[in-house]
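Structure first, commentary second.
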Amino acid sequence: MQLVDFVHASLAVGRTPARLEKIALLAGAIRALSPPERRIGISWLAGDLAHGRIGIGWAALRAALGASPAASAPSLSIGEVDAAFGRVGAARGSGSAAERARILADLLARATEEERDFLVRLVGGELRQGALEGVLVEAVAKAASVPAADLRRAVMMGGSLPPVAEALLADGLAGLDRFRLRVLEPVQPMLAETSDGVEEALGDLGEAAFEWKLDGARVQVHRQGDDVRVFSRTLRDVTPAVPEIVEAVRALPARSLVLDGEAIALRPDGSPEPFQVTMRRFGRKPPPVQSSSERGRRGGDRLDVKALRRERPLAVLFFDALHARGDDLLALPARERHAALAETIPERLRVPRLVTADPAAASAFLAEALRRGHEGVMAKALDAPYEAGRRGGSWRKVKRVQTLDLVVLAAEWGHGRRVGFLSNLHLGARDPASGGFAMLGKTFKGMTDEMLAWQTERLQRLAIGESDGFVLHVRPELVVEVAFDGLQASPRYPSGLALRFARVKRYRTDKRPEEADTIDSVRRIFAAQTVGEPGEISREI
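Residue numbers for the sequence shown follow the numbering used here, beginning at 861 and rising by one.
Take a look at the structure:
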């Protein structure tokens, strides 16, 4: 398929507001793709590159556009463009930046003006053509003449639409069979949105299940007979690193399970260790498969795991069941999945839970979780299925929100929809000992369009220099109120600390830099969060 035809289809989709017409236009474009082009074209319709990120920023795009005028006539095919993107992404080592720039400039030199516009927005992540995922799923289903619900279930298991759509278009419904829950093969975890409090969560969900939100490592545990495998949040097999979790699940009566839960390091009194302590258990590479003679010579990796287990034993607590009693449970309402979990898993291995519609009861449950040193609570709709890989509104995080008044030390020029704006703020706390500021991290979150425009104008007036071509250093005069979920030890900054999940709440134009919070205050917060009150979760697993 020629690129120009695909671009025209994309433009037509973007121009129509009618959902059914969008679906019809998208389905027509999908049918016109040849088999090798399907994954590429569907990725593009979703606004993504088939190769993922290829290391091209807006500065490089502007330079490539300026290297030559647009072509007078279209000549590019979808395959040629994708191959060029592949070469850009594969460029490595000395001279790779120049090579990427050359390939990109050659590609854009062969593109017409409207093709250039399409490609630049595609690479920059700004291709908004109205093909939201739900619409695109229906379009692929229409192109393949299958029920959209069947495709949605397969995408939920596959994690993304393009490979699933490619299989469907090639093999029909039989192609979807490979995208289903298989014990011992991980699936994408369900994700959550954030609520500002339990009242907001209950207002959105009605009666809900509240569970302690543990600051540990998300794990998905599969069992088939005596074979137990543990997967991380990113679906990495971490089984060798967590023998106590393997032993705990292998000791259960159920022979076939897929469980969602949290691994966490606990102190002797049951209170949680800091997040980094838990994550050290996952920081070592798993031991390689070895022959018996090799194991005799190279047992160090396994001994490391044993030593780490003695030093930092892990507890595991589960909150969901995806497969139990020989049945796949993902499509069932949450209340039924939890009933299956409760039948299968003893209470000591389950996350504490409360089902209520009462804000006072939910608030007390949250307060208890915080008192015991945990992050907060999760609020979950009782009738929702398990939406693998989705950040659906049926799960809500409710955390303790803390704020600091910090000083802006620098800002980075944005990209995508923030091109032309100073976006990512470098944040520092006042350091009375040095008379300067101690950097605690960066954030680009929480900013409205009005705030972006204001801070861009204001920070340029405070500029004292630039570095790396995109970082503007400023006089430390602006104070900003920043919300964050916690602090973590960090070797990146001289302060030794970094904010977790920081976002801007507002600028404090009423405050001077000397009124900002000090690094000593930040250290006290960190010390307090690493010393929780005794909890009641046992280390026994």
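Virtual Cβ for every residue (Gly too), placed ideally from N, Cα, C.
- CA-to-CA, the gap between F1070 and F1330 works out to about 44 Å.
- Rounded to the nearest angstrom, the gap between the Cα atoms of I1124 and G1236 is 15 Å.
- In this structure, A927 keeps its C-beta atom at 7 Å or more from the C-beta atom of A971.
- DSSP lists A1271 and E1326 as the beta-bridge partner residues of L1332.
- Contact check for A1388 against Q1136 fails: the beta carbons are separated by 7 Å or more.
- Nearest neighbour of S903 by Cα position, chosen from D942, I963 and A1224, turns out to be D942.
- Three or more pairs of CB atoms, one per stretch, sit closer than 8 Å, so the stretch 1330-1340 contacts the stretch 1307-1321.
- With distances taken between CA atoms, V1102 lies nearest to A1167 out of S1055, A1167, P1134 and L1322.
- The DSSP assignment places complete alpha helix (DSSP H) segments of no fewer than 4 residues inside the stretch 1191-1256 at 1194-1204 and 1219-1231, in order along the chain.
- Restricted to the stretch 1337-1399, the beta strand (DSSP E) segments that are unbroken, complete and at least 3 residues in length are 1339-1344, 1346-1349, 1357-1360 and 1363-1367, listed in chain order.
- Under the Cβ criterion (8 Å, minimum of three pairs), the stretch 876-884 does not count as touching the stretch 939-956.
- By the criterion of at least three beta-carbon pairs nearer than 8 Å, the stretch 1037-1050 is in contact with the stretch 1237-1250.
- Here G953 carries a coil assignment [DSSP, helix/strand/coil].
- With 16 or more other Cβ atoms inside 10 Å of its own Cβ, T1303 counts as buried.
- By the criterion of at least three beta-carbon pairs nearer than 8 Å, the stretch 1073-1089 is in contact with the stretch 1034-1045.
- Secondary structure remark: continuous beta strand (DSSP E) runs of at least 3 residues inside the stretch 983-1064, in chain order: 1051-1054.
- Residue pairing by DSSP places A1298 opposite A1289 in a beta bridge.
- Exposure of E1207 is indicated by the presence of fewer than 16 other C-beta atoms within 10 angstroms of its C-beta.
- DSSP places H1082 within a strand segment (E or B) once states are collapsed to three.
- In this structure, L1300 lies away from A1376, with their beta-carbon atoms at least 7 Å apart.
- Inter-segment contact for the stretch 1196-1211 and the stretch 1050-1065 is absent: fewer than three beta-carbon pairs are separated by less than 8 Å.
- For G912, the closest C-alpha among the options P1022, R1368, G1295 and S894 is that of P1022.
- When the Cα atoms are used, S1005 and R891 turn out to be separated by approximately 11 Å.
- At a cut-off of 3 residues, the continuous stretches assigned as beta strand (DSSP E) that sit fully inside the stretch 1164-1193 are 1174-1184.
- One thing to note: A1239 has its Cβ no nearer than 7 Å to the Cβ of A1358.
- The shortest CA-to-CA distance from A889 to any of A1313, P896, Y1353 and S870 is the one to S870.
- If you draw a straight line from the Cα of R1384 to the Cα of K1002, it comes to about 58 Å.
- V1058 and D1309 have their C-alpha atoms spaced approximately 28 Å apart.
- Counting along the chain, the unbroken alpha helix (DSSP H) around D1309 starts and ends at D1309 to R1321.
- Only residues of its own chain outside the window of five on either side were considered, and among them S928 have a CB closer than 6 Å to the CB of A969, listed in chain order.
- In this structure the stretch 1221-1233 does not touch the stretch 1263-1277; the number of beta carbon pairs closer than 8 Å is below three.
- Excluding five sequence positions before and after A1241, the CB atoms of its chain that fall closer than 7 Å to its own CB belong to L1065, A1068, A1194 and S1254, given in chain order.
- Where V873 is concerned, the enclosing alpha helix (DSSP H) starts and stops at L863 to R875.
- If you ignore the 5 residues before and after L987, its C-beta comes within less than 8 Å of the C-beta of S870, W904, G907, F978 and R981, all in its own chain and listed in chain order.
- If you look at K1073, you'll find it in the beta strand (DSSP E) that goes A1068 to K1073.
- CA-to-CA, the gap between R1213 and V983 works out to about 44 Å.
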